[in-house]
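Worksheet: one structure, shown below.
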Amino acid sequence: MNRTSHQRSPAGASDRSGSMERLLAILRSAQKALDNERLNSHLMISTKIWMQSKRMARPLSDDRRNTIIIAATELISERGLGTSTADIAKHAGISNGSVFTYFETKTDLFNAIYSELKEELIATVLAAIPSDQEEKSQLRYFWSARTQWGVTNPQKRKALAQLHVSDKITIVSRQAATVSAAPILNLIAQVAMRGTLRAAPPSYVVELVEGMAGTTMDFMIANPAMAEEASQAGFDALWRMLA
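For the record, in the sequence shown the residue sitting at position 31 is 31 according to the working numbering, with numbers rising by one throughout.
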């Protein structure tokens with residue numbers, strides 16, 4: 001019995017060895033399958049991220065952005081700053097979500113409109129002021145360009161007037177506009193140094209000038225036949241006030 005048992009032991013060891021090899025093969029196969037699954041998963045995730053980044057990197061349309069700006073300016077002029085982004089989108093002929101593709105918030109949209117209108121107005125006025133003439137002549141060109149811009153662009157003027165007094169407009173936007181308008185502000189300050197307002201804060205003087213311009217533009221729009229006469233009368237009053 002002992003001899004028989006001793007003779008069978010190599011066969012049993014061989015069976016156990018074969019079973020172990022088969023088990024190891026199964027484990028290796030499972031590990032390989034798991035590795036492949038993980039690789040495929042990583043590839044799918046990487047592909048998705050790449051596709052999303054491509055969509056995000058797609059350049060935005062300047063035309064679409066301008067359409068939103070124009071639509072918002074018109075509605076602010078007509079309805080005030082309470083107009084909704086949904087109404088702006090509808091007026092622009094786009095989806096509401098498209099507005100937030102170009103402007104993260106309504107405040108961002110308002111600041112963009114304020115900055116663009118300010119830059120347009122400032123550029124128009126600066127282009128009209130000759131650098132080789134005396135201060136009174138320069139101020140007259142400023143006044144003419146300032147009032148004419150408002151009369152020609154009534155919706156922009158109304159929208160800008162509302163945005164100017166809104167707490168939605170950031171300090172950064174206001175400071176940028178002030179920097180751009182520096183040559184105009186300096187001209188007004190230089191003229192005012194000779195008059196009764198020489199000790200007044202420059203910002204106060206500028207607001208007085210804007211107030212006179214607003215009143216003049218309102219009269220020019222309401223009485224187009226007297227527009228030129230009103231512009232001249234407004235300038236004469238401005239000069240007397242400053243100088």
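For each residue, glycine too, the CB sits at the ideal point set by N, CA and C.
Asked: Candidates 192, 81, 209, 229: which alpha carbon is nearest residue 110's?; Found: 81
Asked: Just confirm the distance between the C-beta atoms of residue 247 and residue 210, as a whole number of angstroms; I'd bet it's less than 8 Å.; Found: Within the shown structure, residues of the chain are numbered from 1 to 243, placing residue 247 beyond reach of any answer.
Asked: What does a CB cutoff of less than 8 Å around residue 235 pick up in its chain, not counting 5 residues either side in sequence?; Found: 139, 140, 143, 144
Asked: What is the residue span of the alpha helix (DSSP H) that residue 118 lies within?; Found: 106–128
Asked: For residue 171, which three-state DSSP category applies?; Found: helix
Asked: Apart from the five residues just before and just after residue 243, which ones in its own chain have a Cβ nearer than 6 Å to its Cβ?; Found: 191, 194, 195
Asked: Near residue 157, what residues of its chain come up, given a Cβ to Cβ distance below 6 Å and the 5 sequence neighbours on each side ignored?; Found: 150
Asked: Using the three-state DSSP reduction, which class does residue 139 fall into: helix, strand or coil?; Found: helix
Asked: Pull up the CB-CB distance for residue 202 and residue 185, whole angstroms please, since I reckon it's below 8 Å.; Found: 7 Å
Asked: Taking the alpha carbon of residue 177 as the point to measure from, which residue in 103, 153, 121, 99 has its own alpha carbon closest?; Found: 121
Asked: For residue 78, which residues from the same chain have a beta carbon less than 7 Å from its beta carbon, with the 5 sequence-adjacent residues on both sides left out?; Found: none
Asked: Between residue 135 and residue 187, what straight-line distance do the alpha-carbon atoms span, to the nearest angstrom?; Found: 7 Å
Asked: Under 6 Å Cβ to Cβ from residue 65, same chain only, skipping five residues before and after it: list those, please.; Found: 102
Asked: Could you say which of 217, 133, 225 lies nearest to residue 152 if we only look at CA atoms?; Found: 217
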